[in-house]
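Only one structure is covered here, and it is reproduced in the block below.
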Amino acid sequence: MVPLVAIALTLSGLPAQAAGDSASGRDWRRLADQSLAGFDVLPDDDADGYGELAWGVSYGMMALNVLYEATRDTQYLDRQVRVIEQVLAKRDSVLAERHGPERYVDYQRGRVLQAWGTGHYSGGRHTCWAVHAGMLAYPMAEFARLVRSGGGPALQRYRDAAEGFVPQVEAALGEFDAEWREGPRPGQGYYVFPGGGLLPNNQMNAPGRALFALADATGKSAHRARAGKLAAFFRSKLTHVPDRDCYFWAYSQGSPEGPPGSGEDVSHAAINAHFAYLAWERRASFTDVDMQRLARTVTRGVYLGEGRFAATLGGTAPNDSLTAQIGRWGFLARFDPNVERAIATYVAAHPDSGALSGTTGALGFAYLLRAQRLGRQDGA
34 MVPLVAIALT LSGLPAQAAG DSASGRDWRR LADQSLAGFD VLPDDDADGY GELAWGVSYG
94 MMALNVLYEA TRDTQYLDRQ VRVIEQVLAK RDSVLAERHG PERYVDYQRG RVLQAWGTGH
154 YSGGRHTCWA VHAGMLAYPM AEFARLVRSG GGPALQRYRD AAEGFVPQVE AALGEFDAEW
214 REGPRPGQGY YVFPGGGLLP NNQMNAPGRA LFALADATGK SAHRARAGKL AAFFRSKLTH
274 VPDRDCYFWA YSQGSPEGPP GSGEDVSHAA INAHFAYLAW ERRASFTDVD MQRLARTVTR
334 GVYLGEGRFA ATLGGTAPND SLTAQIGRWG FLARFDPNVE RAIATYVAAH PDSGALSGTT
394 GALGFAYLLR AQRLGRQDGA
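The numbering of the sequence shown is the working numbering, which starts it at 34 and goes up by one.
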């Protein structure tokens, strides 16, 4: 792959000094480590606000797993254990035992859940969201998968922790079992809100990622079957754009029978694209061609050139309100080095904005590091 400074000079037209200042040497691991500094010290209070755990801490947890995969450095697993313990201690069921159940009763379900609630999206009324559970459950389940997948004596000391985490992750996801539906086609399935409306794609595919990892960690066919049905459902909602040979899709189809659409924002869409990647790894509905088209969703569907991205799939105007999330598409660099080039150029073009910073930035850098390693293994 091309060094970052060369990428910046070639694609963005920035001076060498600006390119070097923004991300010198394309040291993705160093940048990821810097972005993760201090993220794993969670506050002592029990309020999750608008969902900081799901929309902040979870990305750092994912980054730790990816960094371990790329480097085999167990320091990342040590940190992961500490973070998971803190996050599990913030479930409503645990907090209700500590402080009393009154403020933790889910207003939609009439009980305290073994998940993470907030009142931010529901007019101050406390409730749990499947997407939040999925965002947090996935890196926990992935940790268990990594530990149980082998790796020799170095991983043995994490097995007890992994085995203790798994049933708690299963319990969190199980709180939403009543909101699962089969269909609308054979071999498909989806989640709904407690009131019956279809969940947006990202809100059901976040639990789907966790189910894939749980299936690998536990060998339970029920987890694999449900994740596979979600993959089949989402695959049916992709819109192929022939002139770009890429995919677009909508935030939600509105109903299970709703047609494919387009225009989802790049932040929520990254969750769905990553779910498709995990499905591809397991040969569930998604093919090599699908992955190549998803990579072109980055390079042809949202990248506008000169370090600029649109904020929505198929958008035509540069918009930095969400494009700092573009690093979360970095896993697709495995299929097309132009994904890395586009992301690197974005970083170089935004030296003063903190582009790709914090936990989402760490995940983006970790993805690019892993894509390099996998690319060498695959002969790419």
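Using N, Cα and C, we set each Cβ at its ideal position, and we do this for glycine too.
- In the three-state reduction of the DSSP assignment, residue 138 falls in the strand class.
- Closest option to residue 311, judged by alpha-carbon separation, among 270, 389, 287 and 263: 263.
- A straight-line Cα-Cα distance of about 30 Å links residue 315 and residue 85.
- The continuous stretches of alpha helix (DSSP H) do not include residue 107, and DSSP gives it neither H nor E.
- Between residue 174 and residue 350, the alpha-carbon positions lie close to 38 Å from each other.
- Out of 261, 178 and 161, the CA that lies nearest to the CA of residue 208 is found in 161.
- Taking C-beta atoms under 8 Å as the contact rule, residue 170 and residue 205 qualify, at a distance of about 5 Å.
- Non-local beta-carbon contacts of residue 320 in its own chain, meaning distances under 8 Å to residues more than five positions away in sequence, involve 313 in chain order.
- For residue 272, the enclosing beta strand (DSSP E) covers residues 272-274.
- Distances from the CA of residue 279 to each of 215, 96, 103 and 306 were compared; the closest alpha carbon is that of 306.
- Residues of the same chain with a CB within less than 8 Å of the CB of residue 109, apart from the 5 flanking positions on each side, are 97, 98, 100 and 101 in chain order.
- The alpha-carbon separation between residue 149 and residue 333 amounts to approximately 37 Å.
- By the C-beta criterion, the segment 211-231 is judged not to be in contact with the segment 297-304, since fewer than 3 inter-stretch pairs fall below 8 Å.
- The residue among 363, 187, 220 and 93 with its C-alpha nearest the C-alpha of residue 67 is 93.
- Measuring C-alpha to C-alpha distances from residue 304 to each of 140, 293, 289 and 283 identifies 283 as the nearest.
- Put simply, the segment 285-293 does not touch the segment 238-249. Fewer than three CB pairs are less than 8 Å apart.
- Rounded to whole angstroms, the Cβ separation of residue 69 and residue 393 is 11 Å, and the two are not in contact under 8 Å.
- In this structure, the straight-line span from the alpha carbon of residue 341 to that of residue 193 is close to 46 Å.
- Listed in chain order, the alpha helix (DSSP H) elements of length 4 or more contained wholly in the segment 353-387 are 370-382.
- Relative to residue 168, the option among 239, 125, 65 and 275 whose CA is nearest is 239.
- Shown here, residue 349 sits in coil according to DSSP, grouped into three states, outside any helix or strand.
- At least 7 Å separates the beta-carbon of residue 272 from that of residue 266.
- When DSSP assignments are scanned along the segment 174-217, the uninterrupted stretches of alpha helix (DSSP H) that are 4 or more residues long and fall wholly within it turn out to be 192-207.
- Within the segment 289-316, the complete alpha helix (DSSP H) segments of 4 residues or longer fall at 299-314, listed in chain order.
- Note: residue 145 is bridge-paired with 138 in the DSSP secondary-structure output.
- Residue 338: member of the beta strand (DSSP E) spanning 336-338, first to last residue.
- Bounds of the alpha helix (DSSP H) holding residue 261 are 254-268.
- No Cβ-Cβ contact shorter than 7 Å links residue 328 with residue 364.
- Here the alpha carbon of residue 176 sits roughly 15 Å from the alpha carbon of residue 104.
- Counting only residues of its own chain and dropping the five nearest sequence neighbours on each side, residue 220 has a CB closer than 7 Å to the CB of 262 and 265.
- Under the three-state reduction of DSSP, residue 122 is assigned to coil, being neither helix nor strand.
- By a beta-carbon distance limit of 8 Å, residue 65 does not contact residue 407. Their separation comes to about 16 Å.
- 7 Å or more divides the Cβ of residue 164 from the Cβ of residue 119.
- Secondary structure of residue 330 (DSSP, three-state): helix.
- Just so you know, the alpha carbons of residue 388 and residue 370 end up roughly 20 Å apart.
- Of the residues 260, 374 and 89, the one whose Cα lies closest to the Cα of residue 75 is 89.
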